[in-house]
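Oh and the sequence shown: position 66 is 157 in our numbering, straight run, nothing missing. Built from N, CA and C at the ideal position, the CB exists for glycine as well.
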Amino acid sequence: MSKKVITDSVPQHIAIVMDGNRRWARSKGLPEGKGHEAGADALEMIVEAAAKLGIKTVTVYALSTENIRERARREISGIFKLLRKGYNTKLKRMMGNGVRVDILGERSGLPKVIQKIIEEIKKTYIKNESIKLNIALNYGGRKELMNAVKDLIKEGIDVDKINETIIDKHLYTNGQSNPELVIRTGGHIRLSNFLLWQTAYSELYFTKKFWPDFGPQDLKKAVLWYQSQQRNFGK
Ligand code: FPP
């Protein structure tokens, strides 16, 4: 692709629904778990490519609260195993290369070993941060909003003091900038309970490609598409 990304209007924050891992595996006659493994490889490549483009934050949907509830135990424990392995290999390598990793979502309900990894990730200090990677795990957008409401009530906040900034601060994203661009792979045109509050003004990009096939050139294509959109925030 010859078109160049305009460097001063690169989205600062992109959010990705990494869909299509199992269909990718099935299309190749592989077990579904291989699709998630290939998905983790794709993630590492995309984070590196995003940092090179000047993107500052990437938020990915790794596992929704609905996935955990609805999918076969075996598949979910396979994904947790992949996360453990991915933490000791890919994530530690990324963190060594200046990627600040954070985990968004409900910690309770996750296996103890994953909770421990989350704690370790949260206390790791990254020198020379190049990009931030938020991994949404046991995440649900409605639950996130519900928890924010509960916390505000528990804090006894005065109704007149409630504003968008305060709600922002009570979300898992805790006041981070909102994603300007959401990418969903795998062909479905929906948000699936991902970042419901934060995506109010995001540009939404959908591609039929399965997540493991989504590479740096595809990311560039999505960013070029974003740059061709007129963002007017209701004007
Ligand atoms: C959606 O595809 C993908 C998932 C539910 C899991 C995504 C998890 C990873 C890519 C692992 C991330 C790893 C690290 C180390 C952070 P799907 O299973 O819904 O695919 P389908 O639409 O083809 O059924």
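Proximal residues to residue i (C-beta, below 8 Å), its chain only, five neighbours per side dropped
i: TYR296; result: LEU272, VAL273, ILE274, ARG275, ALA313, TRP316, TYR317
i: ILE159; result: ILE167, GLY200, ASN229
Residue i Cβ short of 8 Å to ligand 1 heavy atom set
i: ASN219; result: no
i: ASN151; result: Just to set this straight, residue 151 is Val in the shown sequence, not Asn. Yes, ligand 1 has a heavy atom inside 8 Å of this Cβ.
i: ALA131; result: yes
i: ASN112; result: yes
i: GLY177; result: yes
i: HIS261; result: no
i: LYS181; result: yes
i: MET109; result: yes
i: ILE170; result: yes
i: ASN158; result: yes
Whether residue i touches residue j by CB criterion (9 Å)
i: ILE217; j: TYR178; result: no
i: THR150; j: LEU195; result: yes
i: ILE137; j: PHE324; result: no
i: GLU123; j: LEU173; result: no
i: ILE205; j: LEU228; result: yes
i: GLY189; j: ALA140; result: no
i: ILE170; j: VAL192; result: no
i: GLY231; j: GLU197; result: yes
According to DSSP, residues forming a beta bridge with residue i
i: ALA116; result: Answer is none; ALA116 lacks a bridge partner.
i: THR150; result: ALA106, ASN225
i: PHE297; result: ARG275
i: LEU315; result: LEU315 is not bridged to any residue.
i: LEU195; result: ALA227
Beta-carbon proximity list for residue i, same chain, < 6 Å, skipping 5 on both sides
i: ASN269; result: GLN289
i: LYS125; result: ALA116
i: LEU201; result: ASN229
Exposed unless 16 or more other CB atoms sit within 10 angstroms - verdict on residue i
i: ALA291; result: exposed
i: PRO102; result: buried
i: ASP132; result: exposed
i: MET328; result: The requested residue 328 does not occur in the structure, where the chain is confined to residues 92 to 326.
i: LYS181; result: buried
i: ASN112; result: buried
i: THR264; result: buried
i: SER293; result: buried
i: ALA163; result: exposed
i: GLY345; result: Because the chain in this structure spans residues 92 to 326, residue 345 falls outside the shown range and cannot be described.
7 Å CB neighbourhood of residue i in its chain, flanking five on each side removed
i: SER283; result: VAL108, SER155
i: LYS299; result: GLY278
i: GLY145; result: THR98, VAL101
i: HIS261; result: ALA239, ASP242, LEU243
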